[in-house]
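Enquirer: Take this structure, written in structure tokens, and hold onto it; I'll ask about it next.
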Amino acid sequence: MPSYTTDHISGHEKDSLNIAPDVDAFAAVILAKSVAPPLSIGLFGDWGAGKTFFMQKLERRCEEIAASAQRRAEAGEPSAWHSRVAQIRFNAWHYSDADLWASLVTHIFDELARRLNPDTQDIAAARAELIQRLEATKKLQDELNEEIKAAQKVSEDARKKLAEESRRAEVARKFLQKKKSERLFELVANDPRLREGLGKALTQLGVAEGEATVEQLGEVLREVKTFSGRVQALMASLLRDENKWWVVLAIFALLVGVPLLLYGLYWVLRFKLDNEPLVAMIGAALMQTWVTLSAFLGLAHQRIAKLVSAVNTVELARQHVKEALERDDNTLTDTEELRDARAELAAAEAAESAARSQLGDAESRLLETQRLLEEAQAGRRFFSFIQDRAGSEDYKKRLGLLNLIRQDFERLESLLRDYRQTAGHDDNGGVERIVLYIDDLDRCEPKRVYEVLQAVHLLLALPLFVVVVGVDARWLHSSLDSQLGEAIEGAGEGAGDSRALNYLEKIFQIPYAIPPMDPAGYRRFISDIVGDEAERWRDATEEEPQAFLVSESPALAEPTIPERVEPTLVVAAAPVHEDPERLRVTERELRHLQEVGVLLRTPRAAKRFVNIYRLLRASMPRAERDALITGSEQEIRLLMWLLALNVGQPDHGELLLNALMGPEGDVAPKLSALCDSKRAEGDPRWLEIHDRWEKAKGAADIEEAIAVARRWCPRVGRFSFRAKG
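Sequential numbering from 7 applies to the sequence shown in this note's numbering.
Right under this line is the structure:
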């Protein structure tokens with residue numbers, strides 16, 4: 007049965023050309039949190055090469071990765087990719103008769119409005135939804151402001167109550183302490199033996215008798231039971247002695263005199279053994295020091311004995327007073343004044359604790375309400391701005407349009423940043439990244455091509471956008487050459503190509519050429535188109551056949567032909583694997599990336615080189631990637647050499663890649679002839695290229711190095727402004 011396959015492309019179609027690894031790598035780079043926009047990607051290929059299909063697959067893969075990241079966020083699990091992504095398609099050809107700047111910016115804000123209201127496809131309805139959300143946010147903001155005022159009043163009242171209850175508790179505490187102290191000394195005063203012994207002991211320990219309390223007695227006992235406490239008490243006791251200056255001198259003699267005398271003795275014994283008067287003098291000094299030390303130790307022993315006695319006395323006194331207070335507890339309890347004081351203290355402490363808890367709750371509510379208000383304010387500003395710009399006529403007036411666009415995008419970026427910082431993970435209203443797909447640029451006239459690239463350049467001034475542009479590289483070069491004229495230096499032979507390349511290097515961080523359809527891809531493609539149709543036709547014809555019956559009338563009955571059923575291809579989404587390692591460069595790779603720096607003259611070229619390498623390694627199967635990272639030095643060095651050559655020296659890179667990709671038997675002679683020709687020209691850049699080739703090749707012979715390089719050439723060549731489909 008005849009059929010027809012349209013040019014219409016759907017991102018749900020089968021991947022007959024096996025672009026999934028590259029699509030997955032691009033999607034991972036676009037959504038990776040470790041990649042900081044702005045970022046622009048140029049997809050180059052001939053008409054019909056599959057640029058639109060690639061972009062639609064890329065958009066769908068980004069949706070899958072973002073959805074996976076959102077599920078992980080909702081489950082409280084970390085993700086290496088952003089989940090809130092706005093993907094916007096812009097077909098430049100559809101606006102070929104309109105004002106490009108106004109059309110592009112209006113389309114971006116309209117799509118953002120639609121993104122904030124995903125349940126509606128109508129822009130007017132989306133704007134109405136935005137207005138409703140804005141009003142709801144404003145109402146919430148007013149309510150939160152009232153809650154904050156109420157929470158602030160509650161906090162202030164709780165703070166005042168806490169201060170008052172703390173003061174009451176402190177007054178009650180001091181009153182009880184005073185009563186306990188009075189009762190303590192009343193008990194001590196009624197026992198002459200205890201009074202006399204305790205007074206001496208407290209003086210010995212450095213505590214004024216009139217200031218002692220039961221708690222202080224316990225504290226003193228705890229201190230003197232430690233080694234450091236005993237040393238401190240001993241020193242305090244010695245310094246309170248009548249002859250304390252002699253004690254100070256004795257301590258000084260011990261600390262300073264003895265070491266000096268010992269050193270002098272060592273010096274005499276070591277060098278002056280025959281000097282008898284000096285030896286006798288040192289011996290006498292040592293004897294006197296020993297006498298002083300003995301006297302000091304005797305005094306210290308007496309003080310230690312007194313200290314131990316004082317400690318025992320205080321312990322007995324404390325125990326006696328404690329027992330007396332316990333025995334006398336009924337009397338104290340029956341004292342109305344003390345009973346009231348205890349009750350007042352308990353009530354005050356309970357009230358203080360409750361007030362402190364209330365204050366903590368009030369402050370927590372205040373902080374939470376303030377956080378909600380900040381979130382509401384950020385959301386209101388964001389929604390208000392999108393609603394305003396989506397319905398604005400400013401862009402259509404074109405009064406100071408470029409300046410207005412830049413200001414609005416800067417404002418958009420600022421509001422989104424504030425909104426992301428205040429909104430929670432469960433809030434889907436914010437946008438973490440905007441991906442803009444610009445397609446069919448090669449259907450536009452050169453002037454429009456140039457305008458779109460200028461717009462991309464403007465978007466790249468903001469850390470918000472990732473821009474993907476699909477265009478025929480030949481038409482792009484031709485359009486730029488006709489528009490740039492003499493605006494960029496490079497007059498002379500080949501100047502047009504140089505101007506276009508220089509300009510494109512400023513616009514696109516990552517150039518990528520859609521791979522051509524190889525024989526295996528062609529067979530898969532035809533099989534997917536015709537095979538499915540043949541399967542459907544076979545299913546249809548397997549129904550019970552309709553007989554061609556001859557009627558009684560002369561006319562033949564019309565045959566019944568089964569109705570053709572249009573296919574609906576449902577392609578299962580590829581699983582999303584959290585594998586941030588495919589974008590993470592190892593120390594070994596970093597070393598090799600650094601080795602080829604001589605071929606990369608500018609920071610822009612160096613950035614493009616690193617970006618392309620990351621993208622290339624991310625597109626590899628894990629086994630191949632691991633083999634590259636941990637394999638031979640020659641393999642990774644030759645890959646780095648090819649990439650650096652392709653990015654940093656495109657003229658020479660094109661010559662070398664073409665030579666390497668020639669017929670296998672002709673590669674070595676062609677390379678040799680090319681080297682001889684360039685050496686004869688005295689090109690200094692060629693000397694650097696050849697030097698890096700020799701270092702990358704290492705000890706291997708030329709044929710082995712060529713074989714390794716040839717394996718990488720097709721993939722490396724895809725990432726070039728000059729790549730052909």
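Here a beta-carbon is modelled for each residue, glycine too, at the ideal position from N, C-alpha and C.
Taking all protein chains shown into account, decide if D30 is buried (16 or more other Cβ within 10 angstroms of its Cβ) or exposed.
Expert: Here residue 30 is taken as the residue at index 24 of the sequence shown, counted from 1. Buried.
Enquirer: Over what stretch of residues does the alpha helix (DSSP H) that includes I635 continue unbroken?
Expert: As a working note, residue 635 is residue 629 in the sequence shown. Unbroken alpha helix (DSSP H) run through I635: 628-636.
Enquirer: Is L589 near A38, with beta carbons less than 8 Å apart?
Expert: As a first step, residue 589 is located in the sequence shown; it is residue number 583 there, counting from the start. As a first step, residue 38 is located in the sequence shown; it is residue number 32 there, counting from the start. Yes, Cβ-Cβ distance for L589 and A38 is below 8 Å.
Enquirer: Out of P84, A81, H113, A86, state which residue places its alpha-carbon closest to the alpha-carbon of F96.
Expert: As a first step, residue 96 is located in the sequence shown; it is residue number 90 there, counting from the start. Closest by alpha carbon: H113.
Enquirer: From the DSSP output, in three-state form, read off A674 for me.
Expert: Looking up residue 674 in the sequence shown gives position 668. Reduced to three states, the DSSP call for A674 is helix.
Enquirer: Would the stretch 663-678 count as touching the stretch 625-640 if we require 3 or more Cβ pairs under 8 Å?
Expert: no
Enquirer: Do you know offhand how far P521's Cα is from V722's?
Expert: Numbered from 1 along the sequence shown, position 515 holds the residue referred to as residue 521. Numbered from 1 along the sequence shown, position 716 holds the residue referred to as residue 722. P521 and V722: Cα-Cα distance of roughly 11 Å.
Enquirer: By a C-beta neighbour count over all protein chains shown, 10 Å radius and 16 as the cutoff for buried, is L49 buried or exposed?
Expert: In the sequence shown, residue 49 corresponds to position 43, counting from 1. L49 comes out buried.
Enquirer: Which first and last residues belong to the alpha helix (DSSP H) in which I71 is found?
Expert: As a first step, residue 71 is located in the sequence shown; it is residue number 65 there, counting from the start. From DSSP, the alpha helix (DSSP H) with I71 extends over 57-80.
Enquirer: Under 8 Å, with one C-beta from each stretch per pair, do the stretch 446-456 and the stretch 19-26 reach the 3-pair mark?
Expert: no
Enquirer: Which two residues bound the contiguous alpha helix (DSSP H) that contains D657?
Expert: Here residue 657 refers to the residue found at position 651 of the sequence shown. Note, D657: alpha helix (DSSP H), 656-666.
Enquirer: Find the nearest neighbour of Y456 within the set I440, F471, D487, judged by alpha-carbon distance.
Expert: One-based indexing of the sequence shown puts residue 456 at position 450. The option with the nearest alpha carbon to Y456 is D487.
Enquirer: By Cβ distance below 7 Å, which residues in the same chain neighbour W647 in space, the five residues on each side in sequence not counted?
Expert: Position 641 of the sequence shown, counted from the first residue, corresponds to residue 647. Only V602, R698, W699, A702 meet the Cβ criterion.
Enquirer: Taking the alpha helix (DSSP H) that R698 belongs to, which residues open and close that run?
Expert: The count along the sequence shown starts at 1 and reaches residue 698 at position 692. Taken as a continuous stretch (DSSP letters only), the alpha helix (DSSP H) holding R698 covers 690-703.
Enquirer: Excluding the five sequence neighbours on either side, which residues of its own chain have a C-beta within less than 7 Å of the C-beta of H431, listed in chain order?
Expert: Working through the sequence shown from its first residue, we reach residue 431 at position 425. Model confidence at H431 stands at a pLDDT of 47, short of 50, so the residue's coordinates are unreliable and nothing is read from them.
Enquirer: Do G654 and L622 have their C-beta atoms within less than 8 Å of each other?
Expert: If you number the sequence shown from 1, residue 654 lands on position 648. If you number the sequence shown from 1, residue 622 lands on position 616. No. Outside cutoff.
Enquirer: Report yes if the CB atom of H88 is closer than 8 Å to the CB atom of E587, and no otherwise.
Expert: Locating residue 88 in the sequence shown gives position 82, where the first residue counts as 1. Locating residue 587 in the sequence shown gives position 581, where the first residue counts as 1. At a Cβ-Cβ threshold of 8 Å, H88 and E587 do not count as neighbours.
Enquirer: Helix, strand or coil: which one does DSSP assign to W99?
Expert: Position 93 of the sequence shown, counting from 1, holds the residue named residue 99. Residue state, collapsed to three classes: helix.
Enquirer: Candidates F59, A42, N508: which alpha carbon is nearest V477's?
Expert: Indexing the sequence shown from 1 puts residue 477 at position 471. The shortest Cα separation from V477 among F59, A42, N508 belongs to F59.
Enquirer: Can you name the start and end residues of the alpha helix (DSSP H) that G723 belongs to?
Expert: Counting from one through the sequence shown, the residue named residue 723 turns up at place 717. Residues 708-724.
Enquirer: Tell me whether I114 sits in a helix, a strand or coil according to DSSP, three-state version.
Expert: Locating residue 114 in the sequence shown gives position 108, where the first residue counts as 1. Looking at I114 - three-state DSSP - the assignment turns out to be helix.
Enquirer: So, are the CB atoms of I71 and A33 less than 8 Å apart?
Expert: Here the question's residue 71 lines up with position 65 in the sequence shown. Here the question's residue 33 lines up with position 27 in the sequence shown. Taking 8 Å as the Cβ cut-off, I71 and A33 qualify as a contacting pair.
Enquirer: My output table needs one value for W481: the three-state DSSP class, helix, strand or coil.
Expert: By one-based count along the sequence shown, residue 481 stands at place 475. If DSSP states are grouped into helix, strand and coil, W481 belongs with the helices.
Enquirer: Taking only the alpha-carbon atoms, compute the straight-line gap between D116 and V473 and give it to the nearest angstrom.
Expert: Taking the sequence shown and counting its residues from 1, one reaches residue 116 at position 110. Taking the sequence shown and counting its residues from 1, one reaches residue 473 at position 467. Their backbone Cα atoms lie some 17 Å apart in a straight line.
Enquirer: In whole angstroms, what separates the C-alpha of A665 from that of H696?
Expert: For the purposes of this step, residue 665 is taken as residue 659 along the sequence shown, with counting starting at 1. For the purposes of this step, residue 696 is taken as residue 690 along the sequence shown, with counting starting at 1. Each residue's Cα considered, the two are about 14 Å apart.
Enquirer: Work out the CA separation of A715 and E595 for me, nearest whole Å.
Expert: Taking the first residue of the sequence shown as position 1, residue 595 is located at position 589. Taking the first residue of the sequence shown as position 1, residue 715 is located at position 709. Roughly 17 Å separates the two Cα atoms.
Enquirer: Using the Cα positions of I618 and D682, report the straight-line distance between them to the nearest angstrom.
Expert: Locating residue 618 in the sequence shown gives position 612, counting from the first residue. Locating residue 682 in the sequence shown gives position 676, counting from the first residue. Their Cα atoms are separated by approximately 31 Å.
Enquirer: Which residues does DSSP list as the beta-bridge partners of V472?
Expert: As a position in the sequence shown, residue 472 is number 466, starting the count at 1. Looking at the DSSP assignment, V472 forms a beta bridge with L45, V441.
Enquirer: Rounded C-beta distance between I516 and L470? I'm assuming under 8 Å.
Expert: Here residue 516 is taken as the residue at index 510 of the sequence shown, counted from 1. Here residue 470 is taken as the residue at index 464 of the sequence shown, counted from 1. At roughly 18 Å, the Cβ-Cβ gap does not stay under 8 Å, so I516 and L470 are not in contact.
Enquirer: How would you write the range of the beta strand (DSSP E) that P517 sits in, first residue to last?
Expert: Here the question's residue 517 lines up with position 511 in the sequence shown. Annotation: the continuous beta strand (DSSP E) that includes P517 extends over 516-519.
Enquirer: Using only CA atoms, which one of L490, R607, T636, R628 lies nearest to E593?
Expert: Position 587 of the sequence shown, counted from the start, is the residue given in the question as residue 593. Selected option, being the one with the closest Cα: T636.
Enquirer: Taking the C-alpha atoms as reference points, what is the distance between P43 and A75?
Expert: As a first step, residue 43 is located in the sequence shown; it is residue number 37 there, counting from the start. As a first step, residue 75 is located in the sequence shown; it is residue number 69 there, counting from the start. Approximately 19 Å between the Cα atoms of the pair.
Enquirer: Measuring only the C-alpha atoms, how far is Y518 from L677?
Expert: Reading the sequence shown from its first residue, position 512 is the one you call residue 518. Reading the sequence shown from its first residue, position 671 is the one you call residue 677. Cα to Cα, Y518 sits roughly 26 Å from L677.
Enquirer: So which of Q640, E687, V458 has the shortest CA-CA distance to I708?
Expert: Residue numbering aside, residue 708 sits at position 702 when the sequence shown is read from its first letter. For the residues Q640, E687, V458, the minimum Cα distance to I708 belongs to Q640.
Enquirer: At the level of alpha carbons, what is the spacing between R597 and L680?
Expert: Position 591 of the sequence shown, counted from the first residue, corresponds to residue 597. Position 674 of the sequence shown, counted from the first residue, corresponds to residue 680. Near 29 Å, if we compare the C-alpha coordinates of L680 and R597.
Enquirer: If you draw a straight line from the C-alpha of L64 to the C-alpha of Q489, how long is it?
Expert: Position 58 of the sequence shown holds residue 64. Position 483 of the sequence shown holds residue 489. The alpha-carbon atoms of L64 and Q489 are separated by roughly 31 Å.
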